[in-house]
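Q: Here the protein sequences line up with chains A and B, keeping their order. At position 231 of the first sequence the residue is numbered 231 (the numbering used here), and the sequence of numbers has no breaks. Just so we're on the same page, the numbering used here is the position in the second sequence counted from 1, plus 1000. Dumping the structure here so I can ask a few things about it.
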Amino acid sequence: MGALLVLVILYMIFKIGNLVGLVKGKKDEEFSISWNNFNAYMMMAFMIFGLGGFFWYSFTYFNEYTLPEAASIHGVITDNLFWVTMWVTVVAFVIIFVVMFWFTFAYRYEKGRKAAFFADNHKLEILWTVVPAIVLALLVFKGLRVWNDITAPASKDAVVVEMVGQQWLWMARYPGSKDLTLGQHNFKLIDASNEFGLDLTDKNSFDDFKSLELHIPVDQEILLKIRAKDVLHSVFLPHFRVKMDAVPGVQTHFKFTATKTTDQMREELNNPKFNYEMACTEVCGRGHFSMKFPVVVDSQEDYQKWMKSQDSWLKMNPEYLKYVPAELKEAAMIKAGIPLDNLVPTVQTAAIK
Amino acid sequence: MATIDIQPHTATPHHDDHAHEHEDHGNFWTTYIFSEDHKVIAKQFLITGMAWALIGGVLSVLFRLQLGFPEANLSWLKPVLGGWLTPEGKIDPEFYLALVTMHGTIMVFFVLTAGLSGTFSNFLIPLQIGARDMASGFMNMLSYWFFFLSSAVMFVSLFISTGPAAGGWVIYPPLSALPQAISGSGLGMTLWLVSMALFIVSSLLGSINYITTVINMRITGMSFTKLPLTIWAFFLTAVIGILSFPVLFGAALLLIFDRSFGTSFYLSDIYIGGEALPNQGGSPILFQHLFWFLGHPEVYIVLLPALGITSEIIATNSRKPIFGYKAMVGSMLFITILSFVVWAHHMFVSGLNPFLGSIFTLLTLIIAVPSAVKIFNYVTTLWKGNIRFTPAMLFSIGLVSFFLTGGITGIFLGNSAVDIQLHDTYFVVAHFHLVMGSASFFGMMAGVYHWFPKMFGRMMDEKLGYLHFWMTFIGVYLVFFPMHYIGIAGFPRRYYSWTAFETFSGFADLNMLVSVAAIVTMAAQFVFLFNFIYNIFRGQLAPANPWNATTLEWTTPRLPGHGNWPGEIPTVYRWPYDYSKPGSKEDFIPQHIPYSETPESNFPHENDEIKLEMGRGAIVVEGAKH
């Protein structure tokens, strides 16, 4: 295509000898049939080279511009819908494209020919209103079925992980293996250490832990609860076909089931360095393009092992025990995995600044 | 044969008086600066729009340099960009976002809304419906000068030290509301909002005028069913503008309150810069609803005039009636209505209720039907034509090609389940740049080439036009087509660089190709610029009707003065698409030729019209007595 462009330019510059004539103010000749034909032939050339380039690139470089086969259940389905739509639209596109450019060529100006007076034809018009309507309806209904499945509420035993976006990094919070429930949070409690704004008066928060990697088990439903601390962000897991905005003040969520562990994916791609990644897809400022978060899909056993190896947030930040109400302190320490011999007195003032 | 004796060119006499009133020439200021003549105002919009297009284009070349040649040292741009270059000669990441933001804002609003609607609605509505001027010349003048003011404010914002707005042209809060989140959200954003508020005033003043003029000032015989499709398009565009721009105004106003007066319409639960903000209860998603309530109709505000212009040009240069006039009007009406109920397809993954997502998927894919009908009708208009490839015709065919290429990818994006993966990737960038950006830009170019002879009384050079077209047409495809692949590969948009990610490590070559194509395409616009400016002054004198077209503007003199027609305004007798009518000697019959003069080409029902033509004359005579 680039070469074609250069050729066109060269040819036209060659033919525009009369540019000089123009600058001298020479009069243009009458409507020029040879130039009209030139444009008609160019239209044909454009159609042939354009479509040729499109098909050549699409098939030759297929593996370069497509991501590996989706690593989630719904991803396989939406990919399928994508390619079905692709075939339907490419067929329509090629037909219309060819017909249109063929018409421009075939019906180029000829002296003395009179164009057809063809102002309307109801049958034709009804035909090309109804046919696209039916095709689109089929695509929509298939799409909506998929959409309803994807957006249906997650099952009760889904693994819940909270993703929190901020300028310009992600954090994951896990509910902890003791209660499997995320504790309450409040943005007014956020400070340099309490990055989640954990509300330590809620006993569910005691065993929550923070991770700088998203670990998820394979073949089990995951429910991402997503929020943002400052501006909009968006969770994008390209390999799982997952995307959902992170909105300050609103909790969003996305459920999916990963089907391939990181190891399986490395094997499939024959790339021992392969890693799943999470990116941000809602513009969020200077560091938007670098908000990478590593993602690991573990086998069930590895996941359990990893969960057990994580220390609760409270254990990592024991000074925050002072915000735990006195009557819950012992429970908190047990749940957080802190040895009971260093009890800290509770601060009576409200934790909320 | 009595019918033949009737004088067809009758009009109400007060048109005459009106014309004479305006014969006297004002001074330089009233003629060229604060003019109330719709044609001068149209040219003001056009030239301002072109200046903006250049600026918007240069900005895009700048960020394409970063994306195509991430390693390049741009220190040679230091004299222009100054502190926006890092010490290593790279574009600053925040300035990159500012470039993207301003490119979008400028192109969507200043070029394709004001530059397109402002130019051609102003120029063509009075000329094609047979009016001396707009309903209110004064409001029309105000409309331009509000636009000028708005332009000035936006232009100034490019040069302030904290930089122009940088949160994307959609200015989603909280990013756009908090200066601590990005420096462009300081003074730059304030100026953006002020500029847009002025812009909306300008747009509303214009739209009210267009609607009033089309409804009230059509010449005798110019019923709605005889309106050229251009006028239908401008009329419906103005309707969309009037209904949707005020919502953007509201959205902007609430954002101004949030930014400056401590309200919390869009802000809640924010911890930034080491402190929790006091705002609670607002919702950033509310802004998105308000923004896209304008933002989506805006796509059609940009596109419909271009479609109207090309309908006219394709019919004229195919020497054929536009196929399915009623279907074309119907689909535009349908698009107008539907354009208001599809906005949330921009928000499928914003946290929108999934049920709403389903509704908007359904409505969005419905809008593809009238769009498809329009494409089929264009193609059928070409069929069995006698096509003359004027530059205007080439650009019109280019528009149809872009509308098709870009429209088809809308079927992917409108389907919410498929959109999950494609949302905010380069697939979207490819989609809207083709279907709305390039298509509308080509409509605008087609319009300039086609109506230049009536605007300036001279001809543009056709061969330079061909060169301009082929470079731009192929260039645009080379810029935007590869972006589909980049998008399918998942590359997110508004990324300064993709090197942080393993997943997005490829495509350096394709991105380079895109950037080179963008620069070549940009260069091609200077061919146009030369052609345009040179021929305003030195072009060959134009005939009154250079394209043998049927609409009323071509019945005016070579360079119509204020008031448009020196004598009476011709009465309209027929629809605007009597090209190549069987039996007729010429391959076109202008709208002001009565059926009584063309017995050789009349269809049976048109012969019946001849009696009505007589009746129309009688009414005029009666009117003269008052």
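We put the beta carbon where it would ideally sit given N, CA and C, even for glycine.
When the cut-off is 8 angstroms and only beta carbons count, does Arg-1259 of chain B lie next to chain A?
A: Here the question's residue 1259 of chain B lines up with position 259 in the second sequence. False, the Cβ-Cβ gap to chain A never drops below 8 angstroms.
Q: Tell me the DSSP bridge mates of Ser-72 of chain A?
A: By one-based count along the first sequence, residue 72 of chain A stands at place 72. DSSP lists A:Ala-258 as partners of Ser-72 of chain A.
Q: So, is Gly-1206 of chain B buried or exposed, given that buried needs 16 or more other C-beta atoms within 10 angstroms?
A: Residue 1206 of chain B sits at position 206 when you count from the first residue of the second sequence. Gly-1206 of chain B comes out buried.
Q: To the nearest angstrom, how far is it from the Cα of Ala-228 of chain A to the Cα of Val-164 of chain A?
A: The count along the first sequence starts at 1 and reaches residue 228 of chain A at position 228. The count along the first sequence starts at 1 and reaches residue 164 of chain A at position 164. Distance between the alpha carbons of Ala-228 of chain A and Val-164 of chain A is about 5 angstroms.
Q: Using the three-state DSSP reduction, which class does Ile-1091 of chain B fall into: helix, strand or coil?
A: Start at 1 with the first residue of the second sequence, and residue 1091 of chain B comes out as number 91. Reduced to three states, the DSSP call for Ile-1091 of chain B is strand.
Q: Less than 8 angstroms separating the beta-carbons of Glu-277 of chain A and Thr-1503 of chain B?
A: Start at 1 with the first residue of the first sequence, and residue 277 of chain A comes out as number 277. Start at 1 with the first residue of the second sequence, and residue 1503 of chain B comes out as number 503. Cβ distance < 8 angstroms, so Glu-277 of chain A and Thr-1503 of chain B count as in contact.
Q: Measuring straight from C-alpha to C-alpha, what distance separates Phe-1265 of chain B and Gly-1273 of chain B?
A: Residue 1265 of chain B sits at position 265 when you count from the first residue of the second sequence. Residue 1273 of chain B sits at position 273 when you count from the first residue of the second sequence. Answer to the nearest angstrom: the Cα atoms are 21 angstroms apart.
Q: Report the neighbours of Leu-269 of chain A on chain B: residues whose CB is nearer than 7 angstroms to its CB, in chain order.
A: Numbered from 1 along the first sequence, position 269 holds the residue referred to as residue 269 of chain A. The contacting residues do not exist; Leu-269 of chain A stays about 11 angstroms from chain B at best.
Q: Going along the chain, which residues of its own chain have a beta-carbon closer than 8 angstroms to the beta-carbon of Ile-1420 of chain B, five neighbours each way excluded?
A: Taking the first residue of the second sequence as 1, we reach residue 1420 of chain B at position 420. Once the five neighbours on either side are set aside, the close Cβ partners of Ile-1420 of chain B are Phe-1348 and Val-1349.
Q: Using a cut-off of 7 angstroms between C-beta atoms, extract the partners of Pro-981 of chain B located in chain A.
A: Chain B is shown only over 1001 to 1626; residue 981 of chain B falls outside these bounds and no answer can be derived.
Q: Quick one: complete alpha helix (DSSP H) runs, 4+ long, within the stretch 1254-1342 of chain B?
A: Segments of the alpha helix (DSSP H) lying fully in the stretch 1254-1342 of chain B: 1284-1318 and 1325-1338.
Q: Under 8 angstroms: do the stretch 1247-1258 of chain B and the stretch 1315-1333 of chain B share three or more Cβ pairs, one atom per stretch?
A: Touching, no.
Q: What residues of chain B sit near Phe-236 of chain A, judged by a beta carbon separation below 7 angstroms?
A: Position 236 of the first sequence, counting from 1, holds the residue named residue 236 of chain A. Ordered by position in chain B, the residues that pass the 7 angstroms Cβ test against Phe-236 of chain A are Pro-1492.
Q: Look at the alpha carbon of Ala-1011 of chain B and the alpha carbon of Ile-1366 of chain B, and state the distance between them as a whole number of angstroms.
A: Stepping through the second sequence from its first residue, residue 1011 of chain B is reached at position 11. Stepping through the second sequence from its first residue, residue 1366 of chain B is reached at position 366. For Ala-1011 of chain B, the predicted model reports a pLDDT of 40, less than 50, meaning its position is unreliable; a value from the coordinates is still stated below. Roughly 44 angstroms between the two C-alpha positions.
Q: Give me the residue from B:Asn-1415, B:Asn-1602, B:Leu-1065 and B:Ile-1106 with the minimum Cα distance to Asp-1092 of chain B.
A: By 1-based counting over the second sequence, the position of residue 1092 of chain B is 92. Among B:Asn-1415, B:Asn-1602, B:Leu-1065 and B:Ile-1106, the Cα nearest to that of Asp-1092 of chain B is on B:Leu-1065.
Q: Any C-beta of chain A sitting closer than 8 angstroms to the C-beta of Pro-1070 of chain B?
A: By one-based count along the second sequence, residue 1070 of chain B stands at place 70. Not one chain A Cβ lies under 8 angstroms of Pro-1070 of chain B.
Q: So, using beta-carbon positions, are Met-1119 of chain B and Ala-1042 of chain B closer together than 8 angstroms?
A: Position 119 of the second sequence, counted from the start, is the residue given in the question as residue 1119 of chain B. Position 42 of the second sequence, counted from the start, is the residue given in the question as residue 1042 of chain B. Looking at the sequence provided, one finds Thr at residue 1119 of chain B rather than Met. Yes; because the gap between Cβ atoms is below 8 angstroms, this pair is in contact.
Q: Would the beta-carbon of Ser-1440 of chain B fall within 8 angstroms of that of Ala-1306 of chain B?
A: Taking the second sequence and counting its residues from 1, the one referred to as residue 1440 of chain B is at position 440. Taking the second sequence and counting its residues from 1, the one referred to as residue 1306 of chain B is at position 306. Yes.
Q: Output, in chain order, the set of chain B residues within a Cβ distance shorter than 7 angstroms of Ser-290 of chain A.
A: What you label residue 290 of chain A is simply residue 290 of the first sequence in a count that begins at 1. Near Ser-290 of chain A (Cβ distances below 7 angstroms), the residues of chain B are Ala-1500.
Q: Here's the rule: buried if 16 or more other CB atoms are within 10 angstroms of the residue's CB, otherwise exposed. What is Ile-1314 of chain B?
A: Locating residue 1314 of chain B in the second sequence gives position 314, counting from the first residue. With 16 or more other Cβ atoms within 10 Å, it is buried.
Q: Looking at the structure shown, is Met-1614 of chain B part of a helix, part of a strand, or coil, going by DSSP?
A: For the purposes of this step, residue 1614 of chain B is taken as residue 614 along the second sequence, with counting starting at 1. In this structure, Met-1614 of chain B counts as helix in the three-state DSSP scheme.
Q: So what does DSSP say about Val-1572 of chain B, is it helix, strand or coil?
A: For the purposes of this step, residue 1572 of chain B is taken as the residue at position 572 of the second sequence. If DSSP states are grouped into helix, strand and coil, Val-1572 of chain B belongs with coil.
Q: Would Leu-139 of chain A pass as a contact of Ile-1411 of chain B if the rule is Cβ separation under 8 angstroms?
A: Counting from 1 along the first sequence, the entry for residue 139 of chain A is found at position 139. Counting from 1 along the second sequence, the entry for residue 1411 of chain B is found at position 411. Against a cut-off of 8 angstroms, the Cβ pair of Ile-1411 of chain B and Leu-139 of chain A comes out as a contact.
Q: Hey, does Pro-248 of chain A have any beta-carbon neighbour from chain B nearer than 8 angstroms?
A: Start at 1 with the first residue of the first sequence, and residue 248 of chain A comes out as number 248. Yes, its Cβ sits closer than 8 angstroms to a Cβ of chain B.
Q: Starting from Met-171 of chain A, follow the beta strand (DSSP E) in both directions and report where the run begins and ends.
A: The residue labelled residue 171 of chain A in the question sits at position 171 within the first sequence. Residues 169-174.
Q: Between which two residues does the beta strand (DSSP E) harbouring Met-307 of chain A extend?
A: Numbered from 1 along the first sequence, position 307 holds the residue referred to as residue 307 of chain A. First-last for Met-307 of chain A: 300-309, but that is the alpha helix (DSSP H), not the beta strand (DSSP E).
Q: Using a Cβ cut-off of 8 angstroms (strictly closer), state whether Asn-148 of chain A contacts chain B.
A: As a first step, residue 148 of chain A is located in the first sequence; it is residue number 148 there, counting from the start. Cβ-Cβ to chain B under 8 angstroms: yes for Asn-148 of chain A.
Q: Just to confirm the assignment, what range does the alpha helix (DSSP H) spanning Phe-1501 of chain B have?
A: Here residue 1501 of chain B corresponds to residue number 501 of the second sequence, with the count starting at 1. First-last for Phe-1501 of chain B: undefined, no H or E at that position.
Q: Would a check of beta-carbon distances place Lys-1374 of chain B closer than 8 angstroms to chain A?
A: What you label residue 1374 of chain B is simply residue 374 of the second sequence in a count that begins at 1. By this cut-off, Lys-1374 of chain B is not an interface position.
Q: Is there at least one Cβ from chain B nearer than 8 angstroms to Phe-82 of chain A's Cβ?
A: One-based indexing of the first sequence puts residue 82 of chain A at position 82. So, interface residue.
Q: Could you check what DSSP says for Asp-245 of chain A in three-state terms: helix, strand or coil?
A: For this step, residue 245 of chain A is matched to residue 245 along the first sequence. If DSSP states are grouped into helix, strand and coil, Asp-245 of chain A belongs with the strands.
Q: Going by beta carbon distance, what residues of the same chain come within less than 7 angstroms of Val-23 of chain A, once the five residues before and after it are set aside?
A: As a working note, residue 23 of chain A is residue 23 in the first sequence. Its pLDDT being 48, under 50, Val-23 of chain A is placed unreliably in this model, and the coordinates cannot settle the point.
Q: Below 8 angstroms CB to CB, which residues in the same chain sit around Leu-1612 of chain B once its five sequence neighbours on both sides are set aside?
A: Within the second sequence, the letter at position 612 stands for residue 1612 of chain B. So no residue of the chain qualifies.
Q: Taking Cβ to Cβ, would you say Thr-209 of chain A is nearer than 8 angstroms to Trp-313 of chain A?
A: For this step, residue 209 of chain A is matched to residue 209 along the first sequence. For this step, residue 313 of chain A is matched to residue 313 along the first sequence. The sequence given here places Phe at residue 209 of chain A; Thr does not occur at that position. It is a contact, given that the beta carbons lie within the stated cut-off.
Q: How many angstroms separate the CA atom of Ile-1106 of chain B from the CA atom of Thr-1405 of chain B?
A: Numbered from 1 along the second sequence, position 106 holds the residue referred to as residue 1106 of chain B. Numbered from 1 along the second sequence, position 405 holds the residue referred to as residue 1405 of chain B. Whole-angstrom Cα-Cα distance: 24 angstroms.
Q: Which residue comes first and which comes last in the beta strand (DSSP E) that contains Pro-1370 of chain B?
A: What you label residue 1370 of chain B is simply residue 370 of the second sequence in a count that begins at 1. No beta strand (DSSP E) holds Pro-1370 of chain B; the alpha helix (DSSP H) holding it covers 1354-1382.
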